[in-house]
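Heads up: the structure comes next, in structure tokens.
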Amino acid sequence: MAQIPDFNSGIGVACLFPLAREYRTTPGEINNVSSNWSIFLLGPGGLIAVMLAKRYGRLPVSISEMAKQIMSDSILVAVLGISFLNWLYFCTKFEHLCCDALLECFFSTAPQVTGLLAVTDMYPFHLQARMLNFWSAGFLVSPYMSPWLFGYLVEKINYRWAYAIGCFYGVFVVVLIVLFVDETIYDRYLTLESDSLATTTPNSRLKTLLGISGHQTADLKCSWRQAIMPTFQLLTKPHCLALLIYMGVIFGFAIGINVTNVVFTSSPPPLGYGLSQVIVASLYATPVVAVFMGEIAGRYLNDKTVSILTSRNHGVFEPEMRLWTLYLGIPPIVVGFVVLGGAFEHKWNLVAVVFGWGMAEVGIMISTVSALLLE
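Going by this note's numbering, the sequence shown opens with residue 684, and the numbers climb by one from there.
Following this line, the structure appears as structure tokens:
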């Protein structure tokens, strides 16, 4: 589920030059619309999804979000999110492409951000950092998966099939959610034995999916103020604000590299390397491998660091102990970005591009701070 929003927004990276040729515009204009702004709208969509998930539950918000009016946990918005992506397959005007790419990303980000809440619901304290690292790997690798896989596709067939496959993927994930995913939040307001999970009926399951159950108990769980204000109260805490700025800059670089590397590598000299679509697609395998390497390294580094520092602190854990892993992530991030920038500026060998990009992604994975902000 965490892969859906960025995976679909990254389709525009693989289709950048075919889209520019069809709509008779520049790759920069296509990149600005199909990737940059759509990625930006994942942020507001995610904030709204978190607020709704706190009030109505994780499951209904994972398959629905919001339209102009808040539809209390209806499945309509998930259908809208898929429909916008489906319309991208058929649209023939540049304005349609712009609008639909933005709407699709805004409405499909709920499953990604509610993963953090689901992890804290399901796992005990000592496993949360490890599972959060795994969850982070899911959405960090997703924007590179679509340029990597669909880069080979658009070389051989019409680029519209990339959007069609993205639509089918979204439908498949929604079906999996409907069939297998349960509400993860523990409902402390169940008063009837018939309402327990052991006696779940098709009718109660449908009510949970559509958000009816969540709507009926929403006022008992938290008010709108309690659902909305904590998001903004975090900004008043200096240590949280500093972390958000730091990770915002780091992720900003990672996202910027993702959507512009295709321009530097595909454009003819002297701007770029003038590589073929297949070679560019192969280069996007670099961050995919690097993210998984960083996930493995970060998983054990986070646990080991906290274990050592807790022992030194006489068995007392403090959330700030997790910040020490940031120092381990800074060197590969800095070296990776510098090498990558130098490679593009001076047209070094592609080995430098692969090495720099991979190092930066490993460092970003090690620097995950979701567990600290949670605690």
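Glycine included, each C-beta is placed from N, C-alpha and C at the ideal position.
In chain order, each alpha helix (DSSP H) run of at least 4 residues that lies wholly inside the stretch 889–932: 895–899, 901–904, 907–916
Chain-order list of residues whose beta-carbon lies under 7 Å from that of MET814 (same chain, five-residue window excluded): By one-based count along the sequence shown, residue 814 stands at place 131. For MET814, where only same-chain residues beyond five positions count, the Cβ hits under 7 Å are VAL802, TYR806.
Span of the alpha helix (DSSP H), counted from its first residue to its last, around SER990: Position 307 of the sequence shown, counted from the first residue, corresponds to residue 990. Unbroken alpha helix (DSSP H) run through SER990: 968–995.
Check whether ILE1049 and ALA980 have beta carbons under 9 Å apart: Translated into the one-based positions of the sequence shown, residue 1049 becomes position 366. Translated into the one-based positions of the sequence shown, residue 980 becomes position 297. Taking 9 Å as the Cβ cut-off, ILE1049 and ALA980 qualify as a contacting pair.
Sequence-distant residues of the same chain with beta carbon closer than 6 Å to PRO830, five excluded per side: Residue 830 sits at position 147 when you count from the first residue of the sequence shown. Taken in chain order, the residues that qualify are GLY693, VAL696, ALA697, TYR967.
Counted within 10 angstroms of its Cβ, other Cβ atoms place GLU1001 as buried (16 or more) or exposed: Here residue 1001 is taken as the residue at index 318 of the sequence shown, counted from 1. It is exposed - the Cβ of GLU1001 has fewer than 16 other Cβ atoms within 10 Å.
Run of the alpha helix (DSSP H) containing GLN811, from where it starts to where it stops: For the purposes of this step, residue 811 is taken as the residue at position 128 of the sequence shown. Segment 808–839, the alpha helix (DSSP H) holding GLN811.
From LEU924, PRO921, HIS809, LEU785, residue whose alpha carbon lies closest to that of VAL989: On the sequence shown, residue 989 is found 306 positions in, with the first residue counted as 1. Comparing Cα-Cα distances from VAL989 to each of LEU924, PRO921, HIS809, LEU785, the minimum goes to HIS809.
DSSP three-state assignment for GLN960, whether helix, strand or coil: On the sequence shown, position 277 is the one that residue 960 refers to. Here GLN960 sits in helix by DSSP.
Buried versus exposed, by CB contacts within 10 Å (16 or more), MET912: Here residue 912 refers to the residue found at position 229 when the sequence shown is read from its first residue. Classification of MET912: exposed, given that the 10 Å Cβ count is below 16.
Sequence-distant residues of the same chain with beta carbon closer than 7 Å to LEU730, five excluded per side: Against the sequence shown, residue 730 aligns to sequence position 47. The answer, listed in chain order, is THR914.
Per-residue burial, GLN795 [other beta carbons within 10 Å of its own, 16 or more giving buried]: Taking the sequence shown and counting its residues from 1, one reaches residue 795 at position 112. Answer is buried; the Cβ neighbour count reaches 16.
Residue burial classification, ASN714 (beta-carbon count within 10 angstroms, cutoff 16): The sequence position of residue 714 within the sequence shown is 31, counting from 1. Buried is the call here.
Under 9 Å between C-beta atoms of GLU1044 and GLY1019: Residue 1044 sits at position 361 when you count from the first residue of the sequence shown. Residue 1019 sits at position 336 when you count from the first residue of the sequence shown. The answer is yes: Cβ separation under 9 Å.
CB-CB length for ALA812 against ARG995, believed under 8 Å: On the sequence shown, position 129 is the one that residue 812 refers to. On the sequence shown, position 312 is the one that residue 995 refers to. About 18 Å separates the two Cβ atoms, so there is no contact after all.
Through-space distance from ALA793 to GLY834, alpha-carbon basis: Along the sequence shown, read from residue 1 onward, the residue named residue 834 stands at position 151. Along the sequence shown, read from residue 1 onward, the residue named residue 793 stands at position 110. When rounded, the distance between both Cα atoms is 27 Å.
Enclosing alpha helix (DSSP H) for TRP1040 [first to last residue]: As a first step, residue 1040 must be located in the sequence shown, where it is residue number 357. For TRP1040, the uninterrupted alpha helix (DSSP H) run begins and ends at 1033–1049, by DSSP.
First through last residue of the alpha helix (DSSP H) which encompasses LYS737: Against the sequence shown, residue 737 aligns to sequence position 54. For LYS737, the enclosing alpha helix (DSSP H) begins and ends at 721–739.
Counted within 10 angstroms of its Cβ, other Cβ atoms place PRO688 as buried (16 or more) or exposed: Here residue 688 is taken as the residue at index 5 of the sequence shown, counted from 1. So PRO688 counts as buried.
Given PRO826 as reference, the closest of GLN899, TRP1031, SER721 once Cα atoms are compared: Taking the sequence shown and counting its residues from 1, one reaches residue 826 at position 143. With distances taken between Cα atoms, PRO826 lies closest to SER721.
GLU866, DSSP secondary structure in three states: Residue mapping note: residue 866 aligns to position 183 of the sequence shown, counting from 1. In the structure shown, GLU866 sits in coil (DSSP, three-state: anything other than H, G, I, E or B).
Chain-order list of residues whose beta-carbon lies under 6 Å from that of LEU1023 (same chain, five-residue window excluded): The count along the sequence shown starts at 1 and reaches residue 1023 at position 340. Excluding residues within five positions, the ones whose Cβ falls inside 6 Å are GLY1039, TRP1040.
Run of the alpha helix (DSSP H) containing ARG704, from where it starts to where it stops: Along the sequence shown, read from residue 1 onward, the residue named residue 704 stands at position 21. Per DSSP, ARG704 belongs to the alpha helix (DSSP H) from 699–706.
GLN960, buried or exposed, once every other Cβ within 10 Å from all chains shown has been counted against 16: If you number the sequence shown from 1, residue 960 lands on position 277. Its Cβ being crowded by 16 or more others within 10 Å, GLN960 is buried.
Contact test: SER1050 Cβ vs the ligand ADP heavy atom, cutoff 8 Å: Ligands are entirely absent from the displayed structure, and the ligand ADP is therefore not among its contents.
Contact under 9 Å by Cβ, LEU735 with ALA910: In the sequence shown, residue 735 corresponds to position 52, counting from 1. In the sequence shown, residue 910 corresponds to position 227, counting from 1. Cβ distance < 9 Å, so LEU735 and ALA910 count as in contact.
Three-state secondary structure assigned by DSSP to SER949: Locating residue 949 in the sequence shown gives position 266, where the first residue counts as 1. In this structure, SER949 counts as helix in the three-state DSSP scheme.
Distance between beta carbons of GLY897 and GLY998, contact taken as under 8 Å: The residue labelled residue 998 in the question sits at position 315 within the sequence shown. The residue labelled residue 897 in the question sits at position 214 within the sequence shown. Their Cβ separation, rounded to whole angstroms, is 39 Å, which puts GLY998 and GLY897 out of contact at 8 Å.
Rounded C-alpha distance that separates THR993 from TYR846: Working through the sequence shown from its first residue, we reach residue 993 at position 310. Working through the sequence shown from its first residue, we reach residue 846 at position 163. Going by the C-alpha atoms only, they are around 49 Å apart.
Buried/exposed call for TRP907, threshold 16 Cβ in 10 Å: Within the sequence shown, numbered from 1, the residue matching residue 907 stands at position 224. It counts as exposed.
Reference TRP818; option with closest CA among VAL974, SER949, VAL1037: Along the sequence shown, read from residue 1 onward, the residue named residue 818 stands at position 135. The option with the nearest alpha carbon to TRP818 is VAL974.
Through-space distance from THR948 to VAL1069, alpha-carbon basis: What is shown of the chain runs 684 to 1058, which leaves residue 1069 out entirely.
Segment limits, alpha helix (DSSP H) that includes TYR1010: Counted from its first residue, the sequence shown places residue 1010 at position 327. Counting along the chain, the alpha helix (DSSP H) containing TYR1010 begins and ends at 1007–1029.
Closest by C-alpha distance to ILE868, when choosing among THR900, LYS839, CYS850: Taking the sequence shown and counting its residues from 1, the one referred to as residue 868 is at position 185. Answer by Cα proximity: THR900.
Pairwise C-alpha distance: VAL971 and GLY821: For the purposes of this step, residue 821 is identified with residue 138 of the sequence shown, where counting begins at 1. For the purposes of this step, residue 971 is identified with residue 288 of the sequence shown, where counting begins at 1. So the two alpha carbons sit approximately 10 Å from each other.
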